[in-house]
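Residue numbers (this note's numbering): 1 to 685. All residues carry an ideal CB built from backbone N, CA and C; glycine is no exception. Read the structure below first, then the notes.
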Amino acid sequence: MTESDAAAELEYLAREIARHNRLYHGEDAPEISDADYDALVRRNAELEAAFPHLMREDSPSRVVGAAPAAHLGKVRHAQAMLSLENAFAESDVTEFIARVRRFLSLPPGDELALTAEPKIDGLSCSLRYERGWLVQAATRGDGTTGENVTENVRTIADVPQQLRGDAPTVFEVRGEVYMSKADFAALNERQAASGGKVFANPRNAAAGSLRQLDPSITAARPLRFLAHGWGEASEVPAETQLELMHCISDWGLPISADFNRFADLETLLAHYQAIESRRADLPFDIDGVVYKVDRLDWQRRLGQVAKAPRWALAHKFPAQRAETTLNAIDIQVGRTGKLTPVARLEPVTVGGVVVTNATLHNADEIARLDVRVGDRVTLQRAGDVIPQIVGVVTPPEAHAALQPYVYPAECPACGSAAVAEDGEVDIRCTGGLVCPAQRVERLRHFVSRAALDIEGLGAKTVEDFFADGLVHSPADIYRLHAKADLIRVREGWGETSIRNLLAAIEAKRRPPLDRLLFALGMRHVGGVTARDLASRFGSLPKLRDTAVQAASDPEALAELVTVEGIGPKVAQAVVDFFAEPHNLEVVDDLLTEVSPPPFAVETVQSRVSGKTLVFTGSLETISRDEAKAQAEALGAKVAGSVSAKTDLVIAGPGAGSKLKKAQDLGVEIIGEADWAEIVAAASTR
Ligand code: IVH
Numbered sequence: 001m002t003e004s005d006a007a008a009e010l011e012y013l014a015r016e017i018a019r020h021n022r023l024y025h026g027e028d029a030p031e032i033s034d035a036d037y038d039a040l041v042r043r044n045a046e047l048e049a050a051f052p053h054l055m056r057e058d059s060p061s062r063v064v065g066a067a068p069a070a071h072l073g074k075v076r077h078a079q080a081m082l083s084l085e086n087a088f089a090e091s092d093v094t095e096f097i098a099r100v101r102r103f104l105s106l107p108p109g110d111e112l113a114l115t116a117e118p119k120i121d122g123l124s125c126s127l128r129y130e131r132g133w134l135v136q137a138a139t140r141g142d143g144t145t146g147e148n149v150t151e152n153v154r155t156i157a158d159v160p161q162q163l164r165g166d167a168p169t170v171f172e173v174r175g176e177v178y179m180s181k182a183d184f185a186a187l188n189e190r191q192a193a194s195g196g197k198v199f200a201n202p203r204n205a206a207a208g209s210l211r212q213l214d215p216s217i218t219a220a221r222p223l224r225f226l227a228h229g230w231g232e233a234s235e236v237p238a239e240t241q242l243e244l245m246h247c248i249s250d251w252g253l254p255i256s257a258d259f260n261r262f263a264d265l266e267t268l269l270a271h272y273q274a275i276e277s278r279r280a281d282l283p284f285d286i287d288g289v290v291y292k293v294d295r296l297d298w299q300r301r302l303g304q305v306a307k308a309p310r311w312a313l314a315h316k317f318p319a320q321r322a323e324t325t326l327n328a329i330d331i332q333v334g335r336t337g338k339l340t341p342v343a344r345l346e347p348v349t350v351g352g353v354v355v356t357n358a359t360l361h362n363a364d365e366i367a368r369l370d371v372r373v374g375d376r377v378t379l380q381r382a383g384d385v386i387p388q389i390v391g392v393v394t395p396p397e398a399h400a401a402l403q404p405y406v407y408p409a410e411c412p413a414c415g416s417a418a419v420a421e422d423g424e425v426d427i428r429c430t431g432g433l434v435c436p437a438q439r440v441e442r443l444r445h446f447v448s449r450a451a452l453d454i455e456g457l458g459a460k461t462v463e464d465f466f467a468d469g470l471v472h473s474p475a476d477i478y479r480l481h482a483k484a485d486l487i488r489v490r491e492g493w494g495e496t497s498i499r500n501l502l503a504a505i506e507a508k509r510r511p512p513l514d515r516l517l518f519a520l521g522m523r524h525v526g527g528v529t530a531r532d533l534a535s536r537f538g539s540l541p542k543l544r545d546t547a548v549q550a551a552s553d554p555e556a557l558a559e560l561v562t563v564e565g566i567g568p569k570v571a572q573a574v575v576d577f578f579a580e581p582h583n584l585e586v587v588d589d590l591l592t593e594v595s596p597p598p599f600a601v602e603t604v605q606s607r608v609s610g611k612t613l614v615f616t617g618s619l620e621t622i623s624r625d626e627a628k629a630q631a632e633a634l635g636a637k638v639a640g641s642v643s644a645k646t647d648l649v650i651a652g653p654g655a656g657s658k659l660k661k662a663q664d665l666g667v668e669i670i671g672e673a674d675w676a677e678i679v680a681a682a683s684t685r
């Protein structure tokens with residue numbers, strides 16, 4: 001792998017992981033399984049290990065979780081709330097123990113005791129007690145700053161307002177807020193009956209219930225709490241994890257019934273196996289077992305790496321599997337025309353959930369598995385999202401008698417040719433907006449929560465309205481007020497729901513430009529890219545004109561490619577989108593209905609914008625951190641080492657090898673005073 005491939009992949013991973021963090025922590029709406037998420041994080045770590053100098057400022061290994069949601073007050077944690085390193089195989093556990101031993105220089109015969117307890121699938125929360133009284137509760141947020149959920153946590157029966165006995169003056173108990181499986185099922189039933197939000201899993205239900213602005217809603221939700229550690233403490237009245245957890249239990253907080261100490265690897269792993277075998281019967285969801293070095297003095301010496309302690313490890317459970325029969329393969333057409341095969345299965349229970357569908361991803365996957373309708377298949381469900389088929393278990397003769405699956409060469413929705421583009425595995429419908437499936441998917445995307453977020457216009461409603469000709473394109477949504485009579489005659493639509501729907505639509509006549517761009521559903525333009533485009537172009541007509549021009553004018557294309565965060569592939573996708581006459585029509589029509597307020601366009605222009613800088617030697621008037629912040633504010637990137645990609649080196653006294661390398665490479669070198677001038681020049685503009 002070349003360095004530039006690695007850098008590109010790291011950039012992709014940083015964005016993608018940040019997006020999934022946001023979905024998981026900020027919106028309680030994960031799109032991928034925990035296992036897939038873990039795979040992204042692992043891939044990122046692998047690349048960073050192979051190319052340490054490419055580690056990004058925004059590397060996922062430096063940040064935990066997602067930034068706190070805006071509506072609840074913020075709390076800065078007195079001590080960061082960390083995350084855990086994951087292990088999947090037993091060898092990862094052995095390696096962890098060896099690493100700890102090495103770090104502590106423990107002689108081979110010396111005992112290294114570890115505690116083990118279930119890893120609860122909830123959301124972590126820090127409860128601050130002062131003089132024994134609960135004074136504050138906060139979610140983890142990004143690890144440094146969380147949300148203030150004090151009043152909500154006060155409604156949780158497991159959490160005492162006052163600690164028993166003589167607890168330290170200040171003590172933060174940390175643990176997991178969760179919902180039991182039974183309570184989750186009952187809540188969802190109630191929610192469904194009352195037309196409220198139905199949650200995907202207990203974890204999301206717990207998160208959604210805890211992060212309410214109105215504590216009386218939280219009070220009505222059956223939340224629970226289990227302590228697993230602590231944060232700031234004026235005193236730590238114990239020498240081991242085990243003893244301190246027992247103190248916490250004595251003070252009145254619940255701790256796991258399966259929390260114990262183990263002196264060697266064998267008993268530790270036996271405990272893991274024992275917990276795993278009871279997993280389905282436990283009243284709450286767990287996704288692994290957490291090991292912690294028992295001695296607290298050793299925990300202190302071990303300290304932490306980027307975001308996780310060196311003294312703890314989460315040993316995850318493998319995904320749950322089951323066998324069933326494949327009844328049919330259906331093809332779904334996505335908003336960009338991508339055909340996705342979906343397996344229709346004989347219903348089967350996997351890890352307590354009845355599964356009837358699984359994704360088959362793409363044609364390659366079907367070919368790789370050689371899966372045929374009628375086959376017995378192994379199904380895997382990891383975390384809470386779409387299950388996957390991992391293999392065929394039909395006896396060979398029976399399998400051979402089945403018809404191999406033939407991937408359609410035509411779009412099942414519109415009959416247009418379905419083809420794979422050069423170098424792509426995905427097969428796409430070429431029908432563009434002639435294809436009703438793509439059109440309806442685009443409309444759904446347009447109104448979806450991440451895009452324009454029009455309340456009351458759910459996926460099903462969009463589909464029905466489209467099928468009955470009420471809306472064909474995004475602009476039609478804004479004209480629904482003229483069709484109120486046609487809505488009124490539909491089943492389930494009363495005056496109030498119509499009024500609410502029309503009000504929700506009116507409320508989105510001035511959508512933020514980045515959301516509008518995202519809502520258009522251009523290929524490769526996700527939320528972050530949409531923001532980059534919005535802040536660079538400032539208006540939709542400006543972007544449209546540049547993109548249209550770029551089809552024939554390399555200079556205009558260059559203008560697109562030089563947008564921070566946008567590479568040739570994205571630029572081409574934007575150009576392609578506007579090269580489609582129908583899309584231009586849709587956009588221009590839409591612009592007669594909506595008018596996004598001007599988007600705050602990046603204004604700092606400086607001679608270092610977009611450049612890569614390296615600071616070396618000592619700086620005299622400002623700290624290195626401040627210099628770096630200044631550079632970033634001017635739109636420059638700061639790198640740790642000099643390479644052919646370096647544009648400018650700022651060298652202070654004592655600069656050594658980096659300066660030499662810059663000289664060898666002929667990179668421009670300036671001093672601290674010159675740097676101060678660049679900063680001053682930019683800020684007076
Ligand atoms: S210890 C310093 N113990 O898992 C280590 N965490 O993936 C902090 N979790 O943020 C966590 N059960 O929300 C610990 N028994 C347990 C846990 C546990 C669940 C959560 C916790 C943490 C996340 C890390």
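- Query: What is the DSSP secondary structure of D384, reduced to helix, strand or coil?
  - Reply: Reliability fails at D384, whose pLDDT of 49 lies under 50, so the model's placement of it is uncertain and the value that follows must be treated cautiously. DSSP places D384 in coil when its eight states are reduced to three.
- Query: Any idea what DSSP makes of T267, helix, strand or coil?
  - Reply: helix
- Query: Cα-Cα, which of P118, L520, L253 is closest to R444?
  - Reply: L520
- Query: Given D647, which residues of its chain have a CB within under 6 Å of its CB, disregarding the five upstream and five downstream residues?
  - Reply: K611, T612
- Should the stretch 579-596 be regarded as contacting the stretch 509-523, the criterion being three or more beta carbon pairs within less than 8 Å? yes
- Query: Considering only C-alpha positions, which residue in the set P168, D297, D110, A78 is nearest to A138?
  - Reply: A78
- Message: For the ligand IVH, I want to know if L313 counts as a neighbour, meaning its beta carbon is within less than 7 Å of at least one of the ligand's heavy atoms.
- Response: no
- Query: Would you call the stretch 398-405 and the stretch 460-473 touching, i.e. three or more CB-CB distances under 8 Å?
  - Reply: no
- Distance cut-off 7 Å: S83 Cβ against heavy atoms of the ligand IVH: yes
- Query: Helix, strand or coil: how does DSSP classify E668 here?
  - Reply: strand
- Please go through the same chain and pick out, in chain order, the residues whose beta-carbon is closer than 8 Å to the beta-carbon of F51, but skip the five residues on each side of it. E3, A6, A7, L10
- Message: For C247 and W230, I'd like the C-alpha separation in whole angstroms.
- Response: 11 Å
- Query: So is H20 buried or exposed if we call it buried at 16+ other beta carbons inside 10 Å?
  - Reply: buried
- Task: Just list the beta strand (DSSP E) runs in the stretch 2-84, keeping only unbroken ones of 3 residues or longer that don't cross its boundaries, in chain order.
- Result: 74-76
- Query: Of the choices Q162, A306, S234, E672, whose alpha-carbon is the least far from that of E626?
  - Reply: E672
- Start and end residues, beta strand (DSSP E) containing A137: 133-139
- Task: Check whether the stretch 145-160 touches the stretch 124-134, taking contact to mean three or more Cβ pairs, one atom from each stretch, closer than 8 Å.
- Result: yes
- Message: For a quick check, are the C-beta atoms of L242 and T115 less than 8 Å apart?
- Response: yes
- Task: Let me know if E266 comes out buried or exposed under the rule of 16 or more other beta-carbons within 10 Å of its beta-carbon.
- Result: exposed
- D422 to R428, Cα distance in whole Å? 12 Å
- Message: Are there any heavy atoms of the ligand IVH lying less than 7 Å away from the beta-carbon of K119, as far as the coordinates show?
- Response: yes
- Distance between I217 and R381 (C-alpha atoms, nearest Å): 32 Å
- Message: Once DSSP output is grouped into helix, strand and coil, what is the label at N366?
- Response: It should be noted that the sequence gives Ile, not Asn, for residue 366. Looking at I366 - three-state DSSP - the assignment turns out to be helix.
- Message: What would DSSP say about F446, mapped onto helix, strand or coil?
- Response: helix
- Task: Give a yes or no on whether the C-beta atoms belonging to P160 and K181 are separated by under 8 Å.
- Result: no
- Task: State buried or exposed for A680, treating a residue as buried only when at least 16 other CB atoms are found within 10 Å of its CB.
- Result: exposed
- Within its chain, find whatever has a CB closer than 7 Å to the CB of D183; leave out the 5 residues flanking it on each side and keep chain order. P222
- Just checking my contact of V649 with T616 at CB under 8 Å: how many whole Å lie between their CB atoms? 6 Å
- Looking at C-alpha atoms only, which residue of G208, N188, A655, E117 is the closest neighbour of A227? E117
- Excluding the 5 residues preceding and the 5 following D285 in the sequence, name in chain order all residues of the same chain whose CB lies nearer than 6 Å to its CB. D121, P202
- Message: Shorter than 7 Å, the distance from the beta carbon of G141 to the closest heavy atom of the ligand IVH, or not?
- Response: no
- Item | N204 (DSSP reduced to helix, strand or coil) | helix
- Task: Taking only runs that begin and end inside the stretch 101-187, name each unbroken alpha helix (DSSP H) of 4 or more residues, in chain order.
- Result: 150-153
- Who are the near neighbours of T394 in its chain, counting only those whose CB is closer than 6 Å to its CB and skipping five residues on each side? D375, R376
- Message: Using the Cβ count rule (16 or more neighbours within 10 Å means buried), how would you classify Q273?
- Response: exposed
- Three-state secondary structure assigned by DSSP to K645: coil
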